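Taking the working numbering, the leading residue of the sequence shown gets 296, the next gets one more, and so forth.
C-beta atoms are modelled at their ideal positions from N, C-alpha and C, and glycine is treated no differently.
Quick caveat, the model's predicted, so the values are computed rather than measured.
Read the structure below first, then the notes.
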Amino acid sequence: MTRQIVSTMLLLFPLAVAAAEPGQTGRNDTAVIEEIVVTANFRDERLGLVPSSVSVVSADAIAKRGATHLEALFNMTPNVNYASGASRGRFFQIRGVGERSQFKDPLDPSVGLIVDGIDLSGIGLAGTLFDMAQVEILRGPQGTTFGSSAMGGLVLMRSQAPGDTFEGKVSSGVANYGRWHVGAALGGPLSDTVSARLSVHQFQGDGYIKNDFLGADDTNNFDELTLRGRLRWQPREDTTVDVGVLHVDADNGYDAFSLENTRITGSDEPGHDRQETTAFSAQATYAGFERFVVEASAFFEQSDLAYGFDWDWSYLDLVGWQGGEDNVRDRDSFGVDLRLISTGDGVGWVVGAYAYRRDVRLDYSDRCIPCGGASFFSSDFETQRFALYGEIDLALGERLRLSVGARVETYDDGYSDSAGVMADPDDTMWGVAANLQYLISDTLLVYAAFDRGYKTGGVNGQAVAAADPAVDPVIAAFLDERLAFEAETLLSYELGLKGSFLEDRMTINVSAFFMQRDDMQANSWVLFPPANWRSYIDNVDQGENWGLELELGWRPTDALQLKLGLGLLDTELGELIVQDVDTGDALVQEGRSQAHAPDYQLYLSAEYRFGQNYFVGAEFEAKDSFYFSNSHDIASGAQELVHASLGYRGQSFDVTLWGRNLLDRDYAVRGFYFANNPLNGWITESYRQLGEPRTYGVTAQYHF
296 MTRQIVSTML LLFPLAVAAA EPGQTGRNDT AVIEEIVVTA NFRDERLGLV PSSVSVVSAD
356 AIAKRGATHL EALFNMTPNV NYASGASRGR FFQIRGVGER SQFKDPLDPS VGLIVDGIDL
416 SGIGLAGTLF DMAQVEILRG PQGTTFGSSA MGGLVLMRSQ APGDTFEGKV SSGVANYGRW
476 HVGAALGGPL SDTVSARLSV HQFQGDGYIK NDFLGADDTN NFDELTLRGR LRWQPREDTT
536 VDVGVLHVDA DNGYDAFSLE NTRITGSDEP GHDRQETTAF SAQATYAGFE RFVVEASAFF
596 EQSDLAYGFD WDWSYLDLVG WQGGEDNVRD RDSFGVDLRL ISTGDGVGWV VGAYAYRRDV
656 RLDYSDRCIP CGGASFFSSD FETQRFALYG EIDLALGERL RLSVGARVET YDDGYSDSAG
716 VMADPDDTMW GVAANLQYLI SDTLLVYAAF DRGYKTGGVN GQAVAAADPA VDPVIAAFLD
776 ERLAFEAETL LSYELGLKGS FLEDRMTINV SAFFMQRDDM QANSWVLFPP ANWRSYIDNV
836 DQGENWGLEL ELGWRPTDAL QLKLGLGLLD TELGELIVQD VDTGDALVQE GRSQAHAPDY
896 QLYLSAEYRF GQNYFVGAEF EAKDSFYFSN SHDIASGAQE LVHASLGYRG QSFDVTLWGR
956 NLLDRDYAVR GFYFANNPLN GWITESYRQL GEPRTYGVTA QYHF
């Protein structure tokens, strides 16, 4: 079915081109769709003329959804998914590529997260949205410009920059489940050469869980504080220095799973999901040369992370013990990027050098009372990367351009833990990009692109440390061979058409892609008799991901705006050998879909403005069922969600009434498959974390 839909959509390419030909009539100058500028490629570019698959979520769209965190935006964008397993969605999947969790072992994400120039990949709790100008979601490998943390794609968040005049806003809102937020932002010139902006936001809520054992309704609570600061200094016309600071302090609860798969839990020791991040960024731009601009950027990030949970999801009298675990991480990272960017017409080019270092200290403990007390584990991991990259853009004719880029990157990792396991993997990786684009008209282009992306290898310290050669030498030898896993490469082929027509009243962004994953990294499991499981990452020989993305925007009148987003995805897993969780026998997972890769995603929205300042909007989201893991066949079930908003938008005051999941549908955002319930005789079964139920609230904002 997916292949038939993709084939049909590909046949629509010529029709879309024909619709853009001159001769259209009925222009309405005030009914054009607002122009969006993308910043991800080191240059400001119109979204409709960027020759790649990019989605942009504006500040206005964020406000109408009542969204406070990045995870609330992903269902709006084709072929983008996320995995929770925490208080927020920490890990993202684009076109089926991306991790779903992290426990003991170090992790290099396949989908990057950059906030105001700061690399926060793998710690998505920092994706808060107050005072965001826009969020850019780039699908497919971004290896030339962003390297190994963007093999599957990239999420780029850009906050409001300081302006030339004083302006500010105060925002507040309340919602059911005890949710409330308040925020303020102020920015403007401090002198003729210096401008600044500062924002602060506090969000709190009880969460959506009731804990019957403790008689509490706030064990899955939210408590998130965000501070942002940006300063721009322009001492002379050709020199600009931008400095930023970010502080996120989240102290959230984590009590999301129950033995009955409901939002009523029985945990006697609810978990937690905490993150305190302080980060700084700086960029200096010098435009004093005739033919190029020099940009030097750097960031430093320090994060304290604490993630813990009650792994029996119950209480002592029910199961006969109390058990849980805590993962406490201290993370420091530093990156610097120096690049030269051409100016003027003709041949365009970018050359640059990049260096990055990350150090992570883990202190892990688990406890089981009275079945053995507590155990402790610690590890240290450091990675260093260095890259050289470049890109050249050539005009092959009046309307035809060719862009070619390459990146060479080395990584050198060091791992050691308290069990005596040590590893020092290193490698040299390379990526290339080629993009041929043809401008059909001033507002519409077609493109063909090839990209080779890559992702670093890593270490399976957790499983190797748990193996005891004296108890089971076969398993110990098996895991010793898998202490380090190899880097993954991804070959991506893409065709696209994008731009605007009907005299800027309609926009289109459509792309078809095929991706081949070599040495694909996938989670597997090994059984330590009699019933102790450990996960590790293995390299699958190959995986395939292909599909289509379509985004349409249409403003037929001043009052009405319509949007459509459609993602179709077909994935295939190569040969992955796991152990059956019921029998321990070898089980080959081959040919089925990859985890967290739904066959389709659909987004529809309509907004109608009336009475000059009032609006009403409705949204519909649908997502196909997807596997929770590559190692078993338990799936999420399909979901259909309806949202709505009603509000007033004035010159200085906005107010929005919003509702999400108005039909109160249950849907899963994370799932596991194992035995955990003594009431049914410890049968292996699926357990699911449910997404947010029906929520509604009001948000008001005053601009000055």
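Own chain residues within Cβ distance below 6 Å of residue i, not counting five before or after
i, result
"Y602", "D568 and N622"
"Q934", "K918 and Y962"
"L844", "The question names Leu, but residue 844 is Glu in the sequence shown. S348, P373, N374, S806 and G862, listed in sequence order."
"F773", "none"
"S698", "D688 and N730"
"H938", "E914 and R955"
"G478", "F425, S466 and H496"
"L786", "R747 and Q811"
"L958", "V937"
"Q388", "N376 and H891"
"S924", "A890"
"G709", "E677 and D719"
"S494", "D426, A480 and R523"
"D814", "E781, E783 and N834"
Simplified DSSP state of residue i, which is helix, strand or coil
i, result
"E870", "coil"
"K359", "helix"
"F386", "strand"
"F604", "strand"
"A939", "strand"
"V911", "strand"
"V332", "strand"
"P565", "coil"
"F671", "strand"
"L778", "coil"
"S444", "helix"
"A772", "helix"
"L365", "helix"
"V759", "helix"
"G524", "strand"
"P973", "helix"
"N956", "coil"
"L657", "strand"
"N730", "strand"
"A765", "coil"
"N804", "strand"
Beta-ladder partner(s) of residue i, from DSSP
i, result
"P484", "S490"
"K858", "G848 and S900"
"A593", "A577 and V631"
"G380", "Bridge partners of G380: none, in fact."
"M724", "E704"
"E783", "K750"
"E686", "V645 and G700"
"E394", "DSSP output for E394 lists no bridge partner at all."
"E839", "Q811 and E867"
"T557", "Answer is none; T557 lacks a bridge partner."
"N515", "In DSSP, N515 forms no bridge with anything."
Residue i classed as buried or exposed, judged by whether at least 16 other C-beta atoms fall within 10 angstroms
i, result
"N908", "exposed"
"W820", "buried"
"I664", "exposed"
"S486", "exposed"
"Q946", "exposed"
"G419", "buried"
"G860", "buried"
"V769", "exposed"
"F441", "buried"
"I803", "buried"
"N975", "exposed"
"A762", "buried"
"M452", "buried"
"E585", "exposed"
"R341", "exposed"
Spatial neighbours of residue i in its chain, beta-carbon cut-off 7 Å, leaving aside the 5 residues before and after
i, result
"W841", "F808, F809, M810 and D865"
"S379", "V964, R965 and Q984"
"G869", "M815, V835, D836, Q837, G838 and E885"
8 Å Cβ shell around residue i - same chain, five flanking residues per side excluded
i, result
"D533", "Y581, A582 and G583"
"Q319", "Only weak support exists for where Q319 lies, its pLDDT of 38 falling under 50; the value from the coordinates is given anyway. F796, L797 and E798."
- Item | Unbroken stretches of the alpha helix (DSSP H), 4 residues or longer, contained in the stretch 398–465 | 438–441
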